[in-house]
Amino acid sequence: MKTIVVMLSMLFLAGCSSWNTMQSAASIQGAKAADEELETAEWGVCMAPTVGAWQRRYGGNPIKSEGWSKLCSKPAIIPTPPAAP
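All residue numbers for the sequence shown refer to our numbering, where the first residue is 1348 and numbers rise by one.
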């Protein structure tokens, strides 16, 4: 509650330009957190399951097994952006 009051006070005292800065910083931090969360989820799907858990979840379904393989295997060629003209 105290944090909310402080943030609202800053907003009212600093005006709109400060709001844009705070919003930009929050969106950048939110994007970083989302990237880390996705990386953790992919690790959990690709690296954490035991053989038995993997077989129960993906082994009986060729489509799921192929999807897991595509998601979790390292690409033979790492994609790079095209060179600038």
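From the three backbone atoms N, C-alpha and C, an ideal C-beta is built for every residue, glycine too.
Source: prediction; values computed, not measured.
Taking only three categories from DSSP, how would you classify residue i?
i: Lys1417; result: helix
i: Asn1367; result: helix
i: Gly1407; result: coil
Inter-stretch contact at 8 Å, needing at least 3 Cβ pairs: the region 1411-1422 / the region 1383-1395: yes
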